[in-house]
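As given, the protein sequences belong to chains R and F, one line each in that order. Under this note's numbering, the first sequence has 290 at position 193, and the numbering climbs by one with no breaks. Under this note's numbering, the second sequence has 430 at position 333, and the numbering climbs by one with no breaks. Even for Gly, the Cβ is constructed at its ideal location relative to N, Cα and C. Working notes for the structure below.
There are 2 protein chains.
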Amino acid sequence: MNPSPTTVTTTARQLSGGGPRIGIVGGGQLARMTALAAFELGCDVVVLERAEQVPAANLAVHTLIGDWDNPAALVELAKQVDIVTLENEFVDARSLAAIEAVGRPLHPTSRTIGIVQDKLTQKQALAEAGLEVPRFRAVASPEEIAAAAKELGWPLVLKARRNGYDGKGNATLRDEAGIAGGWQKLGAGSRELFVEEWCPFTRELAAIVTRSINGDSAVYPVVETVQRDHICHRVIAPAPVAADVVSRASELAQAAVAAVGGTGSFGVEMFLTADGKLVVNELAPRVHNSGHYTIEGCHCSQFENHLRAILGWPLGSTELVMPAAVMVNLLGAAAGPGRPTGVEKALAIPGAHVHVYGKTRSNAGRKMGHVTALGRTVAEAIDRAGRAAREIRFGN
Amino acid sequence: MNPSPTTVTTTARQLSGGGPRIGIVGGGQLARMTALAAFELGCDVVVLERAEQVPAANLAVHTLIGDWDNPAALVELAKQVDIVTLENEFVDARSLAAIEAVGRPLHPTSRTIGIVQDKLTQKQALAEAGLEVPRFRAVASPEEIAAAAKELGWPLVLKARRNGYDGKGNATLRDEAGIAGGWQKLGAGSRELFVEEWCPFTRELAAIVTRSINGDSAVYPVVETVQRDHICHRVIAPAPVAADVVSRASELAQAAVAAVGGTGSFGVEMFLTADGKLVVNELAPRVHNSGHYTIEGCHCSQFENHLRAILGWPLGSTELVMPAAVMVNLLGAAAGPGRPTGVEKALAIPGAHVHVYGKTRSNAGRKMGHVTALGRTVAEAIDRAGRAAREIRFGN
């Protein structure tokens, strides 16, 4: 056991947990939290990322540095693992198909990613399955936007078909005079676009759905998401809405993920309108910010269930362990180092769980961590999570 | 961001979370679970271990390979971190003092470790603080054992003062004829020994106590521990005993850790006798197997609270999130690889959480992982944890 008794050597070599080896395309906070769940189950993780200093790096057996849109890099990852999954939907589905071509399972499949990563084909798939979505039209010019408005009315939401997130890639057009500005904002014809009718929602709801490769499906509690500046600010579980809304939202979310042939954990964002109608806003073909509360809030987190689903293992219970759980995102206040201040003060709030993602740099609005608090009531959990989050600051 | 678009490079370099850097002497499962908690809080961990392939290696920023009884190796660790802690009590306290001598905080302190790692001085400290412990005597020969038996009666427990765990280093002497065998088993004079009166306990209870360097103290629910072959088999939280026993055990545990000037999370093992008396059996100056259930079972785990305590951060809530939590250890059935079978079957049990420690090798009786299940009742949690644990096998 003992090497030389007088020296110390340093190692960066990594230990194998011995279980299935999982490749993750992307190494951000979603990969990090997935890797933490994998770690507990004795699975190994290999990450493919563009840069070295990423949140999941410390948990990966090793990290491959490469461009995830390059099929050769994806194949290199695939060769080192038993199964591949993703932490974002921006990897080109045609590139991802290279993983399946060399015989490695990819979940979600390149077919599902292809449908979902193009918001127009995603909406088409949902509509074809008979699910309620806002009306939409592909548009390729300012004139086509104006024509669509005649049918869909004002305001109108102009969206890029690909690579939009957190409000980036969207423009709300109030009237005909807004078309030129929105057209410019979204690339003036350089990106494929579509328009969607304005949905006068009263609440935004969401649910994580986990679908196994063996056909099982599980749905997490329906939550309310509260956005600030188009970025998820707070998630409240369970959503404070009537029981019939919960059951309809829960069914809608499951049907939506089934409609795109999803495997693994998916985030489903929905709008609730004043007249009680539910529509699907958007699907995320991956673990999702609206499900971070499940780490402490539910028996089995969205991350662990994602792994169970893609490995064909039994799905875990999605029930809440306490009556309420609330998550608040920690966004960078400004550019600066990734190390937060105020964590000690946040930890003084009973029941507050602080998650720091370990990003090297903060930027204004960047997701740097989150806080989850459980409570005996929604009000208690909101109070705890809110007070804790207000103590923490990134980018001072 | 993008390196060459056609190549992939591999890195084992590790990312800093930016928070305080914590050195852990030892890299087993206790260090691993502590490192997981550190990771979430944005702290970094550096491990000192004798071998490279250890459970905590994957989570450490890096691992120093060296002999932890060598003061030079301990100082090398200390220089690389802000604070040092330990995952076992077998590191010689005189060596540990070298860490404090170079100005690095060590928690628990070398003074506390010195008292606790010698079971005789530990008992003396507890007795001096007025706490109930079984009567004991130092012995240095078979004749002294026989003499002690005249006072303490039969059976008599012969114990090594140092380096005993899981029943190793103990011998129960039924009568005078058993002295020779016990004396041989415990080194025939090569180890320092003491004897202790037999305690006719009806239950073994335990509690984790976390004491902060800032003076705060927190105690976890009192649990019942069930041993098999001197190794912890099952932990039941809360212990199914009367409320007055719980409150006395809780106070006794806190007083015991205070008596040795403990800092951080400590395990306190107690005996409950038929006449309702409580005595301290043993202290562990570290996170403890009887507190693994706190990962899912309590708002803040013993691991996170250990970190909070030694960093002087506020302590987290020790309350259970559900009415009951039960942990069952997963021991190696035989020598073999460290990869378990049956994990999928265990995960089919609702509410079962499987922890695999990632050890490279299984041995008969070696702690390879554990299962925790929460429940609405103790009976439900016992049933779930037991069924899940029976599905998993190491060392086939």
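- Here the segment 290-302 of chain R lies against the segment 229-249 of chain R, with 3 or more beta-carbon pairs under 8 Å apart.
- Rounded to the nearest angstrom, the gap between the Cα atoms of Gly-279(R) and Asn-460(R) is 25 Å.
- In the structure shown, Gly-472(R) falls within a strand segment according to DSSP collapsed to helix, strand and coil.
- Residues of chain R whose Cβ lies closer than 9 Å to the Cβ of Glu-441(F) are, in chain order, Arg-405, Leu-408, Gly-409, Trp-410, Pro-411.
- The criterion of a C-beta distance shorter than 9 Å is not satisfied by Gly-413(R) and Val-440(F).
- Close to Val-425(R), with beta-carbon spacing below 8 Å, lies no residue of chain F; the smallest spacing is near 16 Å.
- For Val-451(R), the chain F residues whose C-beta falls within less than 9 Å of its own C-beta are Glu-137, Leu-138, Gly-139, listed in chain order.
- Cβ-Cβ distances below 6 Å link Met-424(R) to Val-332, His-389, Tyr-390, His-467, Thr-469 in the same chain, with the five nearest sequence neighbours on each side left out; the list follows chain order.
- Under a criterion of Cβ atoms nearer than 7 Å, no residue of chain F is adjacent to Ala-381(R); the nearest Cβ is some 22 Å distant.
- Ala-304(R) is not a Cβ neighbour of Gly-361(R), given a cutoff of 9 Å.
- When the five nearest sequence neighbours on each side are left out, the beta carbons in the same chain lying within less than 7 Å of the beta carbon of Pro-382(R) are those of Glu-186, Pro-205, Thr-209, Ile-210, Val-213, Gly-359, Phe-363, in order along the chain.
- The shortest CA-to-CA distance from Pro-434(F) to any of Val-384(F), Lys-442(F), Leu-380(F), Phe-491(F) is the one to Phe-491(F).
- Closest by C-alpha distance to Ala-339(F), out of Glu-321(F), Thr-415(F), Ala-431(F), Gly-275(F), is Glu-321(F).
- Shown here is that no member of the segment 248-266 of chain R has a Cβ falling below 8 Å from a Cβ of chain F.
- In this structure, Gly-483(R) sits away from Gly-462(R), with a CB-CB distance that is not shorter than 9 Å.
- By the neighbour-count criterion, in which a residue is buried when 16 or more other Cβ atoms sit within 10 angstroms of its Cβ, Ser-238(F) is exposed.
- Glu-273(R) is outside the set of residues whose beta carbon lies under 9 Å from a beta carbon in chain F.
- The way I'd put it, the segment 138-145 of chain F doesn't touch the segment 445-460 of chain F; fewer than three beta-carbon pairs between them come closer than 8 Å.
- The beta carbon of Gln-126(F) is closer than 6 Å to those of Pro-152, Tyr-454 in its chain, skipping five residues each way along the sequence.
- Neighbourhood of Ser-414(R) in chain F, by CB distance below 7 Å: Pro-447, Gly-448, in chain order.
- For Lys-176(F), the enclosing alpha helix (DSSP H) starts and ends at 168-176.
- Around the C-beta of Val-144(R), 16 or more other C-beta atoms lie within 10 Å, and the residue is accordingly described as buried.
- For Asp-341(R), the secondary structure class from DSSP, reduced to helix, strand or coil, is helix.
- By the Cβ rule, the segment 397-411 of chain F counts as touching the segment 309-316 of chain F, because three or more pairs are nearer than 8 Å.
- Pro-202(F) is outside the set of residues whose beta carbon lies under 9 Å from a beta carbon in chain R.
- Sixteen is the threshold: since fewer than 16 other Cβ atoms of the shown chains lie within 10 Å of the Cβ of Thr-438(R), the residue is exposed.
- Under the Cβ distance rule, Val-158(R) counts among the residues neighbouring chain F, one pair being separated by less than 9 Å.
- The Cβ neighbour count for Asp-272(F), taken over all protein chains shown within 10 Å, is under 16; the residue is labelled exposed.
- For Thr-457(F), the CB contacts under 6 Å within the same chain, skipping 5 residues up- and downstream, are Gln-150, Gly-435 in chain order.
- In the three-state DSSP reduction, Asp-141(F) falls in the strand class (E or B).
- Those residues of the segment 312-326 of chain F placed with their C-beta closer than 8 Å to a C-beta in chain R do not exist.
- If only complete runs of 4 or more residues are kept, the segment 209-260 of chain F shows the alpha helix (DSSP H) at 216-225, 239-249, in order along the chain.
- Put simply, the backbone Cα of Val-254(R) is about 39 Å away from that of Thr-160(R).
- No Cβ-Cβ contact shorter than 9 Å links Val-323(R) with Met-419(F).
- For Ile-119(F) against Thr-218(F), the beta-carbon gap comes to about 27 Å, at or over 8 Å, which does not count as contact.
- Rounded to the nearest angstrom, the gap between the Cα atoms of Leu-156(R) and Tyr-262(R) is 26 Å.
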